[in-house]
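2 protein chains.
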Amino acid sequence: MSVGRFTIPTEENFIQQSTELAEKWGADAIRNSDGTHLDDDVINMGKRIYSAYFPNRGHNYFMKDHMDCVPMVYLMSERTRATDTTVDVPLMVTYFAEQLTINRDATPQRFWEVIDRTSGEVLPIDQWELDPHTDVVHIHNAHPMHEYTVTFLAYVIWDPVQMYNHITNDWGDKEHEIAFDPRHPEIQEFMLNTLDKWLVDNPHVDVVRFTTFFYQFTLIFNNERKEKIVDWTGFAVTVSPRALDEFEREYGYRMRPEHFVDGGSYGSSFVYPSKEQRDWLDFTADFVHSLMKQMVERVQAAGKEAMMFLGDQWIGTEPYSDTFPAVGMDAIVGSVGDGTTTRMIADIKGVKYHEGRFLPYFFPDSFYEGADPSIEAWDNWRKARRAILRSPLERMGYGGYLSLAAKFPKFVDDVATIANEFRDIYDKSGGTGAQAQLTVALLDAWGARRSWQEFTVAHALPNKYNRSFYGILEALSGMRVNVRFLSFDDVLTNGIDSDIDVIINAGPQGTSYSGAQAWKNPQLVSLIRSWVSSGKGFVGVGQPSAVEHGGRLFQLADILGVDQEIYHSLNVDKYWPELTEDHFVIQDIPRESLDFGEAIMNTFPISQQTTVISGLDGQVQLAVNSYDDGRGVYLSGLPYSALNARLLERALFYAAHKEDQYAVWGSSNPECEVAYFAEKGIYAVVNNSEQPQHTVVSLPGSKAATFDLAPSAIEWTSIS
Amino acid sequence: MSVGRFTIPTEENFIQQSTELAEKWGADAIRNSDGTHLDDDVINMGKRIYSAYFPNRGHNYFMKDHMDCVPMVYLMSERTRATDTTVDVPLMVTYFAEQLTINRDATPQRFWEVIDRTSGEVLPIDQWELDPHTDVVHIHNAHPMHEYTVTFLAYVIWDPVQMYNHITNDWGDKEHEIAFDPRHPEIQEFMLNTLDKWLVDNPHVDVVRFTTFFYQFTLIFNNERKEKIVDWTGFAVTVSPRALDEFEREYGYRMRPEHFVDGGSYGSSFVYPSKEQRDWLDFTADFVHSLMKQMVERVQAAGKEAMMFLGDQWIGTEPYSDTFPAVGMDAIVGSVGDGTTTRMIADIKGVKYHEGRFLPYFFPDSFYEGADPSIEAWDNWRKARRAILRSPLERMGYGGYLSLAAKFPKFVDDVATIANEFRDIYDKSGGTGAQAQLTVALLDAWGARRSWQEFTVAHALPNKYNRSFYGILEALSGMRVNVRFLSFDDVLTNGIDSDIDVIINAGPQGTSYSGAQAWKNPQLVSLIRSWVSSGKGFVGVGQPSAVEHGGRLFQLADILGVDQEIYHSLNVDKYWPELTEDHFVIQDIPRESLDFGEAIMNTFPISQQTTVISGLDGQVQLAVNSYDDGRGVYLSGLPYSALNARLLERALFYAAHKEDQYAVWGSSNPECEVAYFAEKGIYAVVNNSEQPQHTVVSLPGSKAATFDLAPSAIEWTSIS
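Order-wise, the sequence lines are chains B and A. Per this note's numbering, the very first residue in the first sequence carries number 8; after that it's consecutive. Per this note's numbering, the very first residue in the second sequence carries number 8; after that it's consecutive.
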């Protein structure tokens with residue numbers, strides 16, 4: 008067994024077993040968890056010490072005098088219908104009064120917005136007023152039977168992360184933590200002073216693990232104490248009158264409340280971002296980075312490392328922005344939910360190392376009598392391992408109550424195995440990713456800014472709406488391809504890098520991902536066409552390039568060979584070519600195992616030249632098309648599975664016209680993948696399943712090697 | 008057995024059997040079919056004589072000198088991509104050269120349009136020219152990688168109906184019939200003179216069956232001799248330079264070629280009609296009515312009746328327009344495909360009688376060795392009978408080769424039974440429809456103009472795209488409700504008639520049927536809300552009132568209790584109420600038999616107040632909602648079946664708050680329906696299935712009657 012690259016959580020009064028487990032797992036670092044204290048024995052274990060640090064909460068005594076400096080959010084009231092010419096809109100009925108309270112300090116008439124949602128008109132401010140005694144806005148001169156909403160500013164008086172844990176764990180009358188917004192100079196000053204003091208008081212800490220910084224992702228509860236709005240990339244809770252004013256000074260125009268609530272979509276990343284929203288994100292990131300940098304510098308001046316947790320109050324940190332590296336953060340740590348979230352951590356630039364916190368978290372929901380937490384641990388590891396082989400994490404760890412994990416000896420052994428495998432991968436690979444054979448770019452409205460975050464609502468939680476698209480990321484996370492993220496603006500401004508082989512555009516119609524109105528821009532369309540025509544590949548998933556324009560829905564239907572009938576040309580006959588039974592893209596995939604996820608209805612081949620490989624009842628599921636020297640591939644959806652990862656891999660090689668390069672470093676068994684480290688002259692074969700697998704790996708020079716892999720196994724081979 | 012109200016087709020050299028069959032079926036009229044001649048023996052049978060009359064074809068000798076007067080059509084070329092700054096667009100590659108030929112007589116630069124479909128721009132006329140020697144348009148100064156289309160005027164040189172029969176029956180070198188366009192004065196003159204002469208030459212004819220008038224519905228074939236465009240309500244083939252000029256004089260603006268081809272949708276009735284298209288329909292109807300009237304007057308002056316076939320060249324006859332009755336037509340005859348098409352004939356106003364031509368047509372595709380044409384006959388009759396009981400046809404008949412039918416004695420007997428039933432219904436009911444208990448209006452962009460024609464592409468041919476909506480019409484066609492057709496304009500101009508109980512809005516998003524942009528009009532929305540709120544019902548099917556606006560897709564989500572997630576608020580939690588197991592609307596329908604047709608994805612209850620009765624994996628299939636004193640009902644689709652007719656009936660009574668009136672005149676068995684003729688004190692119970700059925704009919708005064716009905720049976724009962 009090996010040692011290092013492993014962070015173990017600790018617990019009070021558990022020193023003896025902690026030491027044993029640390030040794031068993033090869034831990035070189037110890038962290039405290041949210042709420043646990045590091046006692047002297049632990050400090051004296053001789054490991055590096057991580058300490059969680061919460062910059063924006065945990066100081067209620069101070070905040071009680073600064074309640075105007077808590078985070079704020081624009082909330083949209085329920086739509087309220089006028090039955091005559093006056094209407095009363097209650098503001099808080101569906102919101103959780105323990106979390107949110109109306110901000111009456113910022114003049115409603117200046118900061119709020121009342122909108123007639125039926126006509127779309129914003130009401131003049133003299134047409135409504137907030138009742139001073141109730142949480143109700145009275146509207147007069149209303150149009151009967153129109154629906155009205157009030158967008159009002161609210162204080163977030165309970166930190167959502169603590170609130171979530173508090174409610175979930177039924178913490179009763181435990182004090183509610185109040186967060187604060189450093190947009191206010193007095194708060195900034197307090198935060199920095201507090202940090203300074205803490206650094207002095209905690210000389211034993213080696214790594215300050217910021218959990219996290221200033222702005223929580225959107226997490227709003229309803230009047231039944233249940234989640235109402237959750238958005239892991241949501242920036243709703245970054246607003247304040249002060250921020251609005253500063254923004255106006257800096258950008259020369261004022262944000263409207265509607266730019267935040269957006270008819271109820273609250274800046275969802277699925278919505279094509281407006282200029283105002285992009286500006287606001289930049290504005291927020293500038294502020295966040297500048298303050299982060301001050302904190303990081305203080306940490307480093309105290310001889311410690313600064314580490315950022317990728318989550319919770321991470322809004323505005325924008326770790327994929329060009330300006331993030333200048334913050335000078337030493338490390339990133341994030342929760343590894345799957346391959347995608349592993350890459351989301353591992354691919355961040357400008358930090359010295361990346362650490363993954365693996366699952367399961369040592370909490371009673373996974374560690375209860377009769378449970379086998381090893382199952383989740385292995386599943387998590389198999390998904391992450393694919394990704395790590397492509398883009399290394401330098402460190403790993405677990406979180407939660409160590410004493411819970413200690414009760415499951417098999418789990419303890421399995422973690423030891425995983426930790427050794429982790430270190431082994433790092434050592435054998437030299438901390439670099441395996442060789443890629445293609446370069447693939449995902450094209451959407453966000454580009455690099457949302458690397459590995461596309462299609463996400465809640466972190467690592469696919470649902471029926473996004474699973475058909477999220478599977479693309481998950482497949483790519485461990486695939487032998489380089490992955491880039493391009494925005495439409497990137498392409499329009501800089502063209503397409505010459506080393507890119509295939510562009511993927513994916514998602515449902517009318518979203519930032521599939522592209523919506525971006526495709527009405529003839530420049531974009533002709534640029535992509537021209538690029539593909541020259542011999543490149545374009546893979547569309549779902550409703551790629553979909554926007555109704557010029558008699559087509561898919562603006563790149565000519566490349567894909569597929570369009571969607573939106574009931575405007577039912578009078579035009581659609582002739583389907585015969586299904587193509589055998590094709591490179593499904594060569595080793597049993598047809599009956601094909602899974603295209605949620606149906607995209609009413610797609611059709613635009614001509615007999617389209618090669619339809621799978622289709623069902625008037626829906627094209629898989630088709631390929633020649634486009635001059637290039638190729639298009641259409642997939643109706645791609646939920647993650649080993650077979651679908653294989654399907655996408657084949658589709659990408661096919662689209663890139665590199666079928667001849669597909670075999671080498673390929674595995675005959677889709678449940679297995681090969682990672683080749685050219686500089687080291689070594690390759691790994693992984694079994695991504697919990698069953699034993701047999702596979703043949705094709706090697707250069709028409710050679711091959713056979714492997715029989717135990718469940719979840721990885722096997723390393725040198726090329727002689 | 009009874010006699011009358013029955014038209015029998017005839018055939019040459021078949022007089023003896025014709026006489027026998029005419030007697031067996033109680034025929035009082037004889038018709039010739041397309042191409043069959045009436046010989047003297049037939050004329051002397053003493054029956055009324057119908058003769059098919061084809062006003063706009065069958066005179067090739069004349070047309071050979073008037074080839075500039077054949078019908079014309081605007082065709083859109085294939086989209087052709089420019090690979091550099093010039094591009095050649097071949098016009099005819101996908102069209103059938105035997106049907107269509109480019110019109111080079113009307114100056115292309117004046118009458119054609121070249122469109123950059125990528126940018127949406129119309130090209131200046133100096134940027135392209137038609138190659139005088141080939142069917143190719145050369146475009147210069149093109150944008151590379153943009154797609155271009157040429158909309159060109161073409162002559163229709165082969166009558167589509169004859170072409171269809173010619174190709175289907177492989178008529179070899181039989182001469183192609185050339186149709187003509189009476190927009191030209193010399194053609195009008197020829198048509199009227201020809202009619203005058205024909206009337207003199209055919210003194211024995213009692214009824215001139217116009218088959219039909221002047222403009223064929225859109226039927227365009229492709230280069231492989233297969234159907235390319237078919238649209239039973241399509242007006243594409245009504246255009247000509249002369250018509251365009253006359254239109255401009257009359258309406259003060261000029262129609263563009265794009266108003267006809269519309270990016271490839273060719274005026275599909277599913278597309279929300281533009282002002283220009285509506286104006287053109289009116290313009291065409293005015294002309295068609297005026298010329299029809301001249302022909303009708305000549306027929307009547309000759310002592311005969313004028314009958315119009317509802318099909319083929321029926322475009323512009325607009326039998327549901329306000330101006331149609333003034334034409335003075337004596338009768339309408341149409342093909343009975345189902346209940347919907349029966350009502351489409353029966354409900355036409357301004358004629359003395361309506362005749363249904365029932366199926367099967369006496370053609371070899373139904374009458375071949377071993378076939379049982381009775382099956383289709385009974386199916387056709389059962390569907391039509393439901394409709395006839397609500398809205399009577401005065402006459403019935405069959406078409407085709409009588410000698411074929413004569414070979415199937417069981418069929419001959421069955422037709423005798425059907426004919427007797429038909430007459431019996433007429434006699435017992437006194438030629439009026441059964442009592443309705445509700446008044447229901449279908450609301451869309453077309454209103455009365457497209458009565459019973461909604462969701463239709465090809466006559467009486469549901470497909471996967473429209474079956475979920477067409478089923479509404481089919482269900483209504485035989486339901487104990489009055490049916491109205493309202494347009495959005497009707498409602499905006501005149502309000503909603505006070506006797507209407509329920510409004511139905513149905514169809515896919517973005518169509519004339521569900522309403523598309525109409526719902527952005529706050530007047531419309533508030534008018535419907537206000538009406539429902541006052542105690543009325545609104546039933547939405549599919550994507551009712553769908554248009555993205557104000558943060559909602561279904562603009563009447565508040566009434567329906569249901570909206571659709573279009574990926575703009577995935578970050579907002581959707582809480583589903585528990586499914587309601589028992590509810591009035593599904594009371595006698597086994598839950599496992601519910602069939603909502605094609606899926607509408609991602610619908611959700613907008614609040615816990617919505618009563619969800621059926622839902623599946625994030626899709627609401629059936630929900631009801633209270634709306635002040637009114638009610639909303641949402642159905643995701645309604646393909647026709649006896650159970651779905653029942654479901655809709657219940658939904659309508661529920662929406663109308665008339666559940667208490669539902670039982671009386673209801674049948675306990677959904678396969679049976681009751682038609683009550685109040686004035687006659689009589690009711691009929693019909694078995695709509697081919698199995699025997701038992702049912703209990705609820706009668707006024709808490710009485711009931713039990714029926715055991717033979718397959719397809721109808722039973723009449725007097726109330727004493």
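All residues carry an ideal CB built from backbone N, CA and C; glycine is no exception.
Here the segment 444 to 460 of chain A makes contact with the segment 513 to 522 of chain A; the two share three or more CB pairs at distances below 8 Å. Among the CB atoms of chain B, one or more fall inside 8 Å of the CB of Tyr574(A).
Secondary structure at Ile432(B): helix, using DSSP grouped into helix, strand and coil. Residue contact with chain A for Phe277(B): present (Cβ-Cβ distance below 8 Å to some residue of chain A).
Under the three-state reduction of DSSP, Phe369(B) is assigned to strand. At a cut-off of 8 Å between C-beta atoms, Asn230(B) does not count as an interface residue with respect to chain A.
Pro326(A) does not reach chain B, its nearest Cβ partner there being about 21 Å away, counting only Cβ pairs nearer than 9 Å.
Bridge partners of Asp496(B) according to DSSP: none are assigned.
The residues Ser398, Ser458, Trp459, in chain order, have a CB closer than 7 Å to that of Asp354(A) in the same chain once the five nearest residues on each side in sequence are set aside. Taking C-beta separations shorter than 6 Å and ignoring five residues to either side along the sequence, the partners of Leu400(B) in its chain run Ala353, His361, Gly363, following chain order.
For Thr610(B), the closest of Gln594(B), His590(B), Ile593(B), Ser576(B) by C-alpha to C-alpha distance is Ser576(B). Annotation for Gly438(B): Pro399, Glu401 place their beta carbon closer than 8 Å to its own, counting only its chain and skipping 5 residues before and after.
By the CB criterion at 8 Å, Trp32(A) and Val671(A) fall outside the cutoff.
In this chain, the beta strand (DSSP E) harbouring Ala161(B) covers 154 to 163.
Proximity of chain B to Val532(A) at the Cβ level (cut-off 7 Å) is accounted for by Thr125, in chain order.
For Val703(A), no alpha helix (DSSP H) segment is defined; the enclosing uninterrupted segment is the beta strand (DSSP E) at 700 to 706. Two segments are said to touch when three or more pairs of C-beta atoms, one from each, lie closer than 8 Å; by this definition the segment 553 to 570 of chain A does not touch the segment 667 to 686 of chain A.
Judged by DSSP secondary structure, Glu722(B) falls within the beta strand (DSSP E) whose first and last residues are 721 to 725.
Look at the segment 594 to 607 of chain B: the residues with a C-beta under 8 Å from a C-beta of chain A are Glu605, Ala606. For the segment 261 to 290 of chain A, the residues whose beta carbon sits under 9 Å from a beta carbon of chain B are, in order, Val268, Asp269, Gly270, Gly271, Ser272, Tyr273, Gly274, Ser275, Ser276, Phe277, Val278.
Per DSSP, the unbroken beta strand (DSSP E) holding Pro612(B) starts and ends at 610 to 612. Between Phe495(A) and Ala662(A), the C-beta spacing is not below 8 Å. Of all residues in the segment 512 to 531 of chain A, those with a C-beta nearer than 7 Å to a C-beta of chain B are Pro515, Gly517, Thr518, Pro529, reading in chain order. In this chain, the beta strand (DSSP E) harbouring Phe217(B) covers 214 to 217.
Annotation for Glu193(B): the continuous alpha helix (DSSP H) segment containing it runs 192 to 208. With a threshold of 8 Å between beta carbons, Asp319(A) makes no contact with chain B. For Arg474(A), not one C-beta of chain B is nearer than 8 Å to its own C-beta. Per DSSP, Trp388(A) lies in no beta strand (DSSP E) segment; the continuous alpha helix (DSSP H) that holds it begins and ends at 380 to 397. In the three-state reduction of the DSSP assignment, Ser475(B) falls in the helix class, which pools H, G and I.
A straight-line Cα-Cα distance of about 19 Å links Glu234(A) and Arg86(A). Note on Ser519(B): 16 or more other CB atoms within 10 angstroms of its CB, so buried under the neighbour-count rule. Judged by DSSP in its simplified three-state form, Arg402(B) adopts strand. Chain-ordered, the chain A residues with CB closer than 8 Å to the CB of Met152(B) read Val532, Ser533, Leu534, Arg536, Ser537, Ser540. Gly406(A) and Val343(A) have their alpha carbons spaced roughly 11 Å apart. Neighbours of Lys543(B) in chain A, taken as residues whose beta carbon is under 7 Å from its own, are absent, since the nearest beta carbon is some 13 Å off. By the 16-neighbour rule on beta-carbons within 10 angstroms, Asp595(A) is exposed.
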